[in-house]
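Take the sequence shown: its letter number 82 is residue 82 in our numbering, and every next letter is one higher.
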Amino acid sequence: MALTPTDVNRLAHLARIELGQREAEHTLEQLNPFFGLVEQMQAVDTKDIAALAHPTDQIEDVALRLREDAVTEHVQRDDNQRCAPAVQDGLYLVPKKSLIELRTALDTKRVSALELAQHFLQRIDAARELNAFIDVNPQLTLDAARAADQRRARGEAGPLVGLPIAHKDVFVTRGWKSSAGSRMLADYVSPFDATVVERLAVAGMVTLGKTNMDEFAMGSSNENSFFGPVRNPWDRNAVPGGSSGGSAAAVAAGLTPAATGTDTGGSIRQPASLTGITGIKPTYGRVSRYGMIAFASSLDQGGPMARSAADCALVLNAMSGFDERDSTSLCLDAQDYTRYLGQPWPGASAERPLAGLRIGLPREYFGAGLADDVRAALDAALRQYEQLGATLLDVSLPKTELSIPVYYVIAPAEASSNLSRFDGVRYGHRASEYRDLLDMYKKTRSEGFGAEVKRRILVGTYVLSHGYYDAYYLQAQKIRRIIAQDFQDAFAQCDVMMGPVSPSVAWNLGDKADDPVQMYLADIYTLSTSLAGLPGMSVPCGFGAGANAARPVGLQIIGNYFNEARMLQVADAFQRVTDWHRQAPWEVVIGLETHAQLSTQSKIFSGASTRFGAEPNTQACALDLALPGVLPVANRGAVERAIRFGLAIGATIAPRSVFARKNYFYPDLPKGYQISQYELPVVQGGSITIQVDANEKAGRDAYEKTIQLTRAHLEEDAGKSLHEDFAGMTGIDLNRAGTPLEIVTEPDMRSAAEAVAYAKALHSLVVWLGICDGNMQEGSFRCDANVSVRPLGQQAFGTRAEIKNLNSFRFLEEAIHYEVRRQIELIEDGGTVVQETRLYDPERGETRSMRSKEDAHDYRYFPDPDLMPLVIDSAWIAAIGSTLPELPDAMKRRFARQYGLPSYDAGVLTTSKAIAAYYEEVVSKAGAANAKSAANWVMGELASQLNRDALAIGQSPVSAAQLALLLARIADGTISNKIAKEIFVSIWEEKAPDDAAVDRIIDAKGLKQISDSGALEAILDEVLIANPKSVDEYRAGKEKAFNALIGQAMKATKGRANPQQVNELLKKKLS
């Protein structure tokens, strides 16, 4: 095949050669005849023929010669640098970025309202598949954004000026379609703004568009819209909830930072729950209904939807307030709903910011019908609230089950009347053919309304009809009052209530469309709050399980009348210690390439020293500098260490391995190619099992995962580029051109947490094996993270970016988090991720482009003709294998078997030799019976103190012998576990060296446990006399009262009472 000018230009680019047009043409004329000759090779049958990388490769017993690991090169830097074009302080200098690029960076300013509006309009356009918007008018949006920028320029910037918002299409908006999701109003443009729209515009917010919704707000899935269903951003096959599904999907997908919604029976809270965002329904009357197209007038209430409670509070500040145009608007003083955010609950401390908060859990909300995965997510969230200091209490809302029939009488009744105005006379749809006025009414309304709306109009007409009013509508109104009183009775015991928003996560589109009853049951936990007119909100708290693992779960928080500010405070406190509200519907895919500098004295292909800390280029010999005429000789010690690693991970050791040249240009790569291994690495396959720690903040339990390795290959390292202090130049130091083992994983990791857990496990292993010192600050162990994202459920990988040279676990985690956010935002804006190399800037917390990887597919690998194939026989492998220590996995299995530990505990205790040795010494002295408690102490108290003081376990002030004695004293009943922790801290702070410190402190402080039955009974008698209320509650069946009495007894004895004895004696006295 003949070459084209494009081919020539590409080749020139790969070779980093600049060709003029005439030169390129001439080159093409020369190359084509040559490739005509090359084509003749295609006629030769080479099936089953092994490639010959070197002419002597076919000679038996001829293989790569290895030199012994020793420093043989003593670098004369001045001689080497005599002919260098530019040198400073021993560094080779090369040009930095162009002046134009630097000027552009200096000219960049902070984002404007106009840029924000353009940004979100692009996102909306790129996400049309979600069908979240009914109307978008870029001209109106951009005009409003320009006006906001002018306000800011005049110094009139309030807290919302210039921020974008989307409006549920139930709020009429001047100049925009105001359809309520119905054919009846499909082309209706309102001549005025709803009060909500007006107030937010006055506050400076920029309208992005009108969001899709269930027709006239009647629905729980957003499938009832004339404009088609909205799709859930987390799973395109799932509903987003309704009726504010468009607003919820838009916020969840990042198409708008906030949106308005309305809630009649759950239409803010339920879609917020199903899409993983925050939404609040204020107290009925807080937000004006003027300009809100009515569904059920006594229930409809507007509210904000956003990522966080803090965002909702900010928007609610502008939305709420008295409106004389709405007779149901409450005449209340203006409030700042942000005023309690970040503040402790009254009387609480910063450490336990919700101490004193009483959370009521309605038992009717946690019974049959609640999905197990939703229950699990709620339980985890409630445990988090307990950790923040809150108290959980059982309360009852006995008429909860009646809320469905009550609601579906009252709401349709009001709707049937409210929708009577849509008759085809003054505005909206009118049938094209009709006989008379009555026929026009019927045909117009039949054509204009959808099935669900017509169904509810019929229900409402029926329950209001003569003879049925008392039995249905009036009765429903009465039960409504009882429901409202149930809430007041419950609030006498608690400050807020919590429970589920929806019985399940989002269901698939179409699953409930033909079964109205099942659809209505989805609102069982939200209807009663609306009927009572109370404020309620949904806060993201987790995800489903199994096939629903990508579908969010919301926690409902219910407040008493006008208590929105406190309710938002409670939600905000949860969101400050969790990140559910920040998560996005994307899957992260991560693979790591790790450079582990092998602990050889000399480099892999030269005899120069690998010692760290030398002056620049004082350990870069002639071969490292790629001076003409030099040749590489491989280091035996490097090969042995690679084999040692391969055996430890259960990999295949290649009997025949080949060094290859990887061709690319970069200033710190002296030869213009890197000697590496590609098709035939030394180590192939293998795996490492990681322990991913529990994270309460992320709602994650601890788990294990096995990461598959692709290969580990020997590769010479590049030099180091230094970009500071060289006046527009970059310094090149080739001391590091050394001896790493490049360890490459499969793309098996799905989070930054897994990547860090893998990096830590690998780090421990190479140090355990003695093949690398693991010093990350010196660059002995550093990671390159290949990161990509893809929509959940997609099988194909996204385009990856490689983040280079991450030399701390914290930087690895931060860099991945940033890169994931960057890629998601880029894709959602309609952009494309470019395959490139990036660097992480820890000061700015961001990655930046280093160089494009457009040539990554074309490194032009070929066997290095300067090096023979590496032959490794079985005897050599066996000899190295015989020197391996007990490996972490084997030790983990032994710990689990020998000490009866859970697999996770055994894994944590064998993450390093030092931890394992400490633990085994504790058990050997405390006895095997204390093996589990020893594990708990080493992983708990000891690990916590070590982390706090940034100490290695070998520096622990509490010795293994001291901890063993402490456990023995717990076991023999001398002290309680609580007292033991006090003693542990005392030893730690005193740094007491003697093993007898435990007994000495017990005696000196009088800490021995009270086990005398007579003494304990006397104390318990006093406790019972002092706490008659708790005694009565326990005898009435409240188990929590018993725990309160136990606490009082322990308090009376300053924690010295034997807890088991106290428990037994107290039960006997109360029986």
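Beta carbons: idealized from backbone N, C-alpha and C, even for Gly.
For a test of the three-state rule: what should DSSP assign to residue i, helix, strand or coil?
i, result
"Ala411", "helix"
"Asn635", "strand"
"Phe574", "helix"
"Glu593", "strand"
"Lys853", "Only weak support is given to the placement of Lys853: the predicted model assigns it a pLDDT of 49, under 50, and the question is left unresolved by the model."
"Phe781", "strand"
"His167", "strand"
"Tyr561", "coil"
"Asn786", "strand"
"Gln684", "strand"
"Leu741", "strand"
"Arg174", "strand"
"Arg1000", "helix"
"Trp507", "coil"
"Gln477", "helix"
"Arg860", "coil"
I need the straight-line Cα distance from residue i to residue j, nearest angstrom please.
i, j, result
"Thr104", "Gly728", "The predicted position of Thr104 is uncertain, since its pLDDT is 30 and thus under 50; a value taken from the coordinates is nonetheless stated next. Between Thr104 and Gly728, the C-alpha separation is close to 16 Å."
"Glu1022", "Asn1058", "17 Å"
"Ile824", "Glu813", "17 Å"
"Ala752", "Pro628", "44 Å"
"Asn807", "Gly779", "6 Å"
"Ala952", "Ala964", "19 Å"
"Met1050", "Arg1056", "7 Å"
"Asp143", "Ser288", "26 Å"
"Lys210", "His167", "5 Å"
"Lys978", "Gln1060", "13 Å"
"Ala252", "Pro233", "7 Å"
"Gly424", "Ser446", "11 Å"
"Ala929", "Tyr918", "17 Å"
"Gln835", "Lys705", "28 Å"
"Val958", "Val767", "24 Å"
According to DSSP, what are the bridge partners of residue i?
i, result
"Asn232", "Asp235"
"Phe543", "Pro552"
"Lys720", "Asp733"
"Leu839", "Lys804, Arg848"
"Pro500", "Leu555"
"Gly831", "Note: Gly831 sits in no beta bridge, so no partner."
"Thr211", "Phe133, Lys168"
Output yes or no for whether 8 Å exceeds the beta carbon distance between residue i and residue j.
i, j, result
"Leu534", "Phe487", "yes"
"Gly719", "Leu741", "no"
"Ser247", "Ser538", "no"
"Leu1099", "Ala381", "The requested residue 1099 is not part of the displayed model; the chain covers only 1 to 1071."
"Leu714", "Ile604", "yes"
"Gly162", "Val206", "yes"
"Phe171", "Val202", "no"
"Asp373", "Ala545", "yes"
"Ile688", "Ala755", "no"
"Leu967", "Ala996", "no"
"Leu208", "Pro164", "yes"
"Phe322", "Leu332", "yes"
"Trp586", "Val395", "no"
"Ser225", "Asn212", "yes"
"Gly559", "Ser182", "no"
"Ile404", "Ala476", "no"
"Cys541", "Ala377", "yes"
Checklist entry - If you pair each beta-carbon of the region 622-629 with each one of the region 648-662, do three or more pairs fall below 8 Å? => result no
Checklist entry - So does the region 871-879 actually touch the region 888-901, counting three or more Cβ pairs closer than 8 Å? => result The region 871-879 is not in contact with the region 888-901.
Checklist entry - So does the region 251-259 actually touch the region 109-127, counting three or more Cβ pairs closer than 8 Å? => result yes
Next on the checklist: Pairs of beta-carbons, one from the region 521-532 and one from the region 464-484, closer than 8 Å: are there three or more?
Outcome noted: yes
Checklist entry - Are the region 303-320 and the region 277-294 in contact at 8 Å, needing three or more beta carbon pairs? => result yes
Checklist entry - Touch check for the region 659-673 and the region 636-651: three-plus C-beta pairs under 8 Å? => result no
Item to check | Segment contact flag, the region 332-345 with the region 504-523, C-beta cutoff 8 Å, min 3 pairs | outcome: no
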